[in-house]
Every structure is written in structure tokens, then in C-alpha cells.
Amino acid sequence: MARALACCYVTREALAASTQSHQQTTQHRVPKSLPGMKMLEPIEQGTLVYKPYLDYLCFQLLDSAPDVQALPLDDQLAFKSSPRKANVYNWLYSSRRLRRIRITYFDAGRACQALNALLYPDNSFDLPLLGIDLLSFGANKILCVVDFIPLFQDQGYLEKYIRPLALLRQPFAARCSEMSDRFFDKDKFASEQMIFFRSDQGSSEPDLESLYAICRNILEIFAFFGAK
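Now the structure itself:
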């Protein structure tokens, strides 16, 4: 249910501009990649748009789950290259609190970039699921959906895990819209605080920095839950 969790369509120029100041302030703690995480040179120079976000995801995982380990993955699933100039990378991990961490990066140069991640909590914990989909098509298309998928719908659970998302969403709520029910049941696979954002302004979108700050904050909140 990755599509139900989190997705962003962003341009490489927008992400580079919006994360530059954040990277400067955290440069001293940029993490090493997760075990076994290797990538080839980008299809087109400078077009690994979501590598900074992937690095930040790695940092949060290594910081909150230092026991994270790579899981075996068939070579045919781990990497695929297309004659149409596209590379697909898949990685699989687990830790004590996260029974499954699946990460995918799709690199088709300037035509398309995508980072997808789905984090499943261990069955012995009541953490929500976290998913991330960051996609870029051409120069202008931006779509962002971020959500924690609650395991339970009782008020106490939602207050504990979903309420922090509401606090992040509040200043951005006017720009959020509703995701279609075509592909999944929102009542079962989404929270009421899902952030769904889209724009055709590309790097000119005035709210991009706020958007990416929310993405980073959600990672930090999930890492905090996972480290408790």
C-alpha cells in the first residue's frame, strides 16, 4: 500500500534549492549509506534529485535504529537497467523495531525520478506504518502526499501517533487536497491528517521549502517513535 502512504512529485532544481540551507546546517552529521546501498552514476549528470532525501532517510534510520541490517534480495530485484536509459534500485532492511524497510530509487534522468520507501513496524510494537514516494516528471509536476498509516482507529492511538502529524499539517492545510478513493480505502489505509499537495509550478512553487521541511520533520517524528 505504498501509494497510500507518502508521495511527492518534485523537480530536481526545487529540491536542490530547498535543501541547500538544511544540508549546510547538518553537513557535519551526514550519514554513511545503509549497508549494501550502492548506486551507479546518474543517467544524466546531476539528476539524482532525491539523493539528499535518501541520505537524510539513512541518517534517521541509522540514528534511531543502529541495529539495522540488510536483508537478502534477489539480484534481479536489487537492480534493473533499461535500454531506454533508466535504472531501478531496490534495498531491503530490518531492525528490532522495524521488521521491514523497503527502499526503491528510480532514475530515468530528467524524464522521471522517484524515491519510494515503506517502513513496517515490528509486530510487537504499535507504531504506524510510514511510506515515502517522491516523484518528479519533467520540469514542473509536483505532488506530495505524506501520511502515517494507523494500525488502530481508537482515539487514544490516534492522539498518540497521528496528532503530531496534525500539528505539522496545520499551517499547510490550505494547500492540501483530497486523494482519490480509486486505488485504496482512505478510511482503512490513511489518517485524517494525510498531507496531499500538488503543483505545476515546479521550482517556482512558493511553498516548496515548507513542503520539504514537513517531509524532514515527519521522518524525524517517526525516528523518534522508533527509538523510544
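Per full-length UniProt numbering, the very first residue in the sequence shown carries number 1; after that it's consecutive.
A virtual CB, placed ideally from N, CA and C, is assigned to each residue, including glycine.
Between the C-alpha atoms of residue i and residue j, what's the straight-line distance to the nearest angstrom?
{"i": "Phe106", "j": "Ile43", "result": "10 Å"}
{"i": "Ile218", "j": "Ala111", "result": "28 Å"}
{"i": "Ala86", "j": "Thr104", "result": "13 Å"}
{"i": "Phe225", "j": "Asp74", "result": "31 Å"}
{"i": "Tyr220", "j": "Gly156", "result": "In the sequence on display, residue 220 carries Glu and not Tyr. Those two C-alpha atoms are separated by around 21 Å."}
{"i": "Phe125", "j": "Glu159", "result": "16 Å"}
{"i": "Leu143", "j": "Ser191", "result": "18 Å"}
{"i": "Leu5", "j": "Pro83", "result": "Interpretation of Leu5 is limited by its pLDDT of 35, a score under 50 that renders its predicted location unreliable; no figure is taken from the coordinates."}
{"i": "Arg102", "j": "Tyr56", "result": "15 Å"}
{"i": "Ser210", "j": "Phe172", "result": "8 Å"}
{"i": "Ser199", "j": "Ser136", "result": "11 Å"}
Taking the alpha helix (DSSP H) that residue i belongs to, which residues open and close that run?
{"i": "Arg163", "result": "Arg163 to Arg169"}
{"i": "Ser204", "result": "Ser204 -> no alpha helix (DSSP H), and no H or E assigned at all."}
{"i": "Lys51", "result": "Lys51 to Ser64"}
Using the beta-carbon count (16 or more within 10 Å), is residue i buried or exposed?
{"i": "Gln113", "result": "buried"}
{"i": "Pro35", "result": "exposed"}
{"i": "Ser177", "result": "exposed"}
{"i": "residue 230", "result": "No statement about residue 230 is possible, as the shown extent of the chain runs from 1 to 228 and does not include it."}
{"i": "Glu41", "result": "exposed"}
{"i": "Asp67", "result": "exposed"}
{"i": "Ala65", "result": "buried"}
{"i": "Arg182", "result": "exposed"}
{"i": "Ala174", "result": "exposed"}
{"i": "Ile195", "result": "buried"}
{"i": "Ser180", "result": "exposed"}
{"i": "His28", "result": "Note that His28 scores a pLDDT of 48, beneath 50, so its modelled location is shaky; the value from the coordinates is reported in the next line. The residue in question, His28, is exposed, as its Cβ has fewer than 16 Cβ neighbours within 10 Å."}
{"i": "Gln76", "result": "exposed"}
Could you please give the first and the last residue of the uninterrupted beta strand (DSSP E) stretch that includes residue i?
{"i": "Cys112", "result": "Cys112 to Pro121"}
{"i": "Ala78", "result": "Unbroken run through Ala78 is the alpha helix (DSSP H), Asp75 to Ala78; no beta strand (DSSP E)."}
{"i": "Arg102", "result": "Leu98 to Asp107"}
{"i": "Asp147", "result": "Ile142 to Ile149"}
{"i": "Ile195", "result": "Ile195 to Ser199"}
{"i": "Leu40", "result": "It is not in any beta strand (DSSP E) - Leu40 carries neither H nor E in the DSSP assignment."}
{"i": "Val68", "result": "Looking at the DSSP string, Val68 is not in any beta strand (DSSP E), and its letter there is neither H nor E."}
{"i": "Asp154", "result": "No beta strand (DSSP E) holds Asp154; DSSP gives it neither H nor E."}
Relative to the C-alpha of residue i, which candidate in the options has its C-alpha closest?
{"i": "Leu54", "options": "Met39, Arg175, Asp126 and Pro206", "result": "Met39"}
{"i": "Ala117", "options": "Thr47, Val146 and Lys160", "result": "Val146"}
{"i": "Lys51", "options": "Leu134, Leu71, Pro83 and Leu119", "result": "Leu134"}
{"i": "Arg97", "options": "Lys141, Pro121, Phe79 and Phe59", "result": "Pro121"}
{"i": "Ile132", "options": "Ile214, Leu48 and Ser33", "result": "Ile214"}
{"i": "Gly109", "options": "Ala139, Leu130, Leu129 and Asn123", "result": "Ala139"}
{"i": "Pro128", "options": "Leu167, Phe189, Val49 and Ser95", "result": "Phe189"}
{"i": "Gln193", "options": "Arg169, Met37, Gln45 and Leu130", "result": "Arg169"}
{"i": "Phe79", "options": "Phe59, Ser95, Met37 and Leu119", "result": "Met37"}
{"i": "Arg163", "options": "Phe222, Phe197 and Lys141", "result": "Phe222"}
Relative to the ligand FAD, is the shortest distance from any of its heavy atoms to the C-beta of residue i smaller than 7 Å?
{"i": "Val146", "result": "With respect to the ligand FAD, the structure shown offers nothing to examine, as it has no ligands at all."}
Original post:
Is there contact between the segment 71–91 and the segment 151–169, where contact requires at least three CB pairs shorter than 8 Å?
Top reply: no
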